[in-house]
Amino acid sequence: DGGITQSPKYLFRKEGQNVTLSCEQNLNHDAMYWYRQDPGQGLRLIYYSQIVNDFQKGDIAEGYSVSREKKESFPLTVTSAQKNPTAFYLCASVGRSRGNTIYFGEGSWLTVV
Amino acid sequence: GQQVMQIPQYQHVQEGEDFTTYCNSSTTLSNIQWYKQRPGGHPVFLIQLVKSGEVKKQKRLTFQFGEAKKNSSLHITATQTTDVGTYFCSWDFGNEKLTFGTGTRLTIIP
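Chains C and A, in that order, are what the protein sequence lines are.
Using the numbering used here, the first residue of the first sequence is number 1, and each one after it goes up by one.
Using the numbering used here, the first residue of the second sequence is number 1001, and each one after it goes up by one.
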């Protein structure tokens, strides 16, 4: 089946540690996105990438980093510089052949203690 | 600056009543999409609107895009308990920076 796979689904980390969330898609989509969602809140854009080896900051990029070395993969690193990293993280990709429809992964719950 | 507001933030309705959520932009949008997120889940695509004045229907859901492409609405007729969730609009201004509204959380009172 084609889709977007995020891992891990649940992750616990100690404060001060960096953590990397994985996002892989086999939909052959060019554009990929990372969003953060806090409980009861909307989705806020962290980073997005429209093509391999290129990415842009979203609205809340501080404390996060990404890479896009392969079309299928767009990992997100939550660094120790992120002041309040506990949240639900959603990865998404967009298929241009079908307009701007966003396909989401199942999400990753990160808890920093 | 470019701003899009989604209202209301919360809506509680009796089962069988109608529900509407709105997204209003200060500038013209290229397109707008609507998503539904069930509690504990991820957003699921519902519809995309591209044309000025466009109206699309999916069973009890009606989606509209304003003539100026600055406003959009999602209307649910005769709500059911399965409609519970948060409804988001999403847009971009032609720059592929896909942004989401704050969402409207719908609660159904049986």
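Glycine included, each C-beta is placed from N, C-alpha and C at the ideal position.
- Between the region 100-111 of chain C and the region 4-21 of chain C there are three or more inter-stretch CB-CB distances shorter than 8 Å, so the stretches are counted as touching.
- DSSP places A/Thr1028 outside both helix and strand once states are collapsed to three, so it counts as coil.
- The criterion of a C-beta distance shorter than 9 Å is satisfied by A/Lys1070 and A/Asn1024.
- Exclusion of the five residues before and after A/Ile1076 leaves Phe1019, Arg1060, Leu1061, Asp1083 as the residues of its chain whose Cβ lies within less than 6 Å of its Cβ.
- Judged by beta-carbon spacing, A/Tyr1087 lies beyond the 9 Å limit of A/Tyr1010, meaning their Cβ atoms are not closer than that value.
- Listed as beta-bridge partners of A/Asp1092 by DSSP are A/Asn1031.
- A residue is called buried once 16 or more other Cβ atoms fall within 10 Å of its Cβ, and C/Pro85 is buried on that count.
- Beta bridge pairing from DSSP links C/Ala87 with C/Leu110.
- Among the residues facing chain A, C/Ile102 is included, as its CB has a counterpart in that chain under 9 Å away.
- Residue pairing for C/Ser67: DSSP places it in no beta bridge.
- By the beta-carbon neighbour count (other beta carbons within 10 angstroms, threshold 16), A/Gly1085 is buried.
- Non-local C-beta neighbours of A/Thr1102 in its own chain, meaning closer than 6 Å and more than five positions away in sequence, comprise Gln1006, ordered along the chain.
- Interface criterion not met: the Cβ of A/Thr1077 is under 9 Å from no Cβ in chain C.
- The Cβ atoms of A/Phe1100 and C/Leu45 sit closer than 9 Å to each other.
- Ranked by how close their Cα comes to the Cα of C/His29, the residues C/Ala87, C/Phe74, C/Phe88 have C/Phe74 in first place.
- In this structure, C/Glu106 places its C-beta atom within 9 Å of the C-beta atom of C/Gln6.
- In the structure shown, A/Thr1081 adopts helical secondary structure according to DSSP, grouped into three states.
- In terms of CA proximity to A/Leu1074, A/Gln1033 leads the group A/Asn1095, A/Arg1038, A/Gln1033, A/Gly1041.
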